[in-house]
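Its first residue numbered 21, the sequence shown is counted upward by one per residue in the working numbering.
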Amino acid sequence: MEEKERIYCFDFDGTLTTKDTLLEIIRYKAGTWRLLWGFLLYSPILVLMKLHLYPNWKAKQFIFTHFFGGMSTRAFNLLCQDFAKERSNLLRHDMIALVGRAVEDKKKVFIVSASIDNWVRPFFATQGIGEVEVLGTKVEEKDGCLTGRFSTANCYGAEKVRRISKALSFDRSRYHITAYGDSRGDKEMLAFADEGHLVNSHKSE
Numbered sequence: 021m022e023e024k025e026r027i028y029c030f031d032f033d034g035t036l037t038t039k040d041t042l043l044e045i046i047r048y049k050a051g052t053w054r055l056l057w058g059f060l061l062y063s064p065i066l067v068l069m070k071l072h073l074y075p076n077w078k079a080k081q082f083i084f085t086h087f088f089g090g091m092s093t094r095a096f097n098l099l100c101q102d103f104a105k106e107r108s109n110l111l112r113h114d115m116i117a118l119v120g121r122a123v124e125d126k127k128k129v130f131i132v133s134a135s136i137d138n139w140v141r142p143f144f145a146t147q148g149i150g151e152v153e154v155l156g157t158k159v160e161e162k163d164g165c166l167t168g169r170f171s172t173a174n175c176y177g178a179e180k181v182r183r184i185s186k187a188l189s190f191d192r193s194r195y196h197i198t199a200y201g202d203s204r205g206d207k208e209m210l211a212f213a214d215e216g217h218l219v220n221s222h223k224s225e
């Protein structure tokens, strides 16, 4: 019987990092006070989201638009690169080492994240890990600028499984999947995997 190809899938925020990188890149760009003010403006929506009365992706898109809408794509990508370089302390080095070993062993590695792939990808380049495929939330561009909207579904929950399946051409039977996650947003991905590992499981979420 032919041995299955091994695939490794890692969530990013909270699994490979110690903090939510959306909050941290906003803080990096705008400072703590503007971060707090922006979240205060949208606090009614955020409260409804926490109560599961408003879609997570819509609330996230409002926040993203507030801080990044209208920014040139080039400037945004440079910001993301600088952020990853200067905030490498956000990484969990034991987990990043696990990613690095999988890459060194010539395994296919997916980083499956609700965060925007523009700032997720550079973190691996700063660590000298180039052979990973980031399946993140993508942002819409028009005339060289960010519209503030997402061009894909928010890569969260069941969407993570859809994105992995699409990347594998839906031929699930050929692969042995090992997945790592830390929150309810990873529940479906961990269940989909042959080996699902819940890390940092002291979290209440």
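Beta carbons are placed, not taken as given, at the ideal position from N, Cα and C, and that holds for glycine. Every value quoted in this text rests on a predicted model; they were computed, and no experiment measured them.
Legend entry - 9 Å Cβ cutoff met for H217 and R26: no
Legend entry - From A213, F30 and E208, residue whose alpha carbon lies closest to that of L118: F30
Inset, instruction - State the DSSP-derived secondary structure class of R169, mapped to helix, strand or coil. - result: strand
Legend entry - Contiguous alpha helix (DSSP H) assignments of at least 4 residues, all confined to the stretch 90-146: 93-106, 113-124 and 137-146
Inset, instruction - Under 7 Å Cβ to Cβ from F82, same chain only, skipping five residues before and after it: list those, please. - result: Y62 and I65
Legend entry - Residue environment, D206, which counts as buried when at least 16 other CB atoms sit within 10 Å: buried
Legend entry - D214 burial status per 10 Å Cβ neighbour count (16 or more: buried): exposed
Inset, instruction - Give me the Cβ distance between V132 and R183, rounded to the nearest whole Å; I'm assuming they're in contact under 8 Å. - result: 6 Å
Inset, instruction - Compare the Cα-Cα distances from L99 to each of D40, L56, R141 and L210 and report the closest residue. - result: R141
Legend entry - Residue nearest to Y28 in terms of C-alpha spacing, selected from L68, A187 and N76: A187
Inset, instruction - Count the other C-beta atoms from every protein chain shown that fall within 10 angstroms of the C-beta of V67, then say buried if there are 16 or more, exposed otherwise. - result: exposed
Inset, instruction - Taking only the alpha-carbon atoms, compute the straight-line gap between E106 and D163 and give it to the nearest angstrom. - result: 29 Å
Inset, instruction - Determine, using beta-carbon pairs with one atom in the stretch 46-61 and one in the stretch 149-160, whether at least three such pairs fall under 8 Å. - result: no
Legend entry - For N97 and F170, the rounded distance between their alpha carbons: 16 Å
Inset, instruction - Under the assumption that T41 contacts L110 (Cβ atoms under 8 Å), give the Cβ distance between them as a whole number of angstroms. - result: 7 Å
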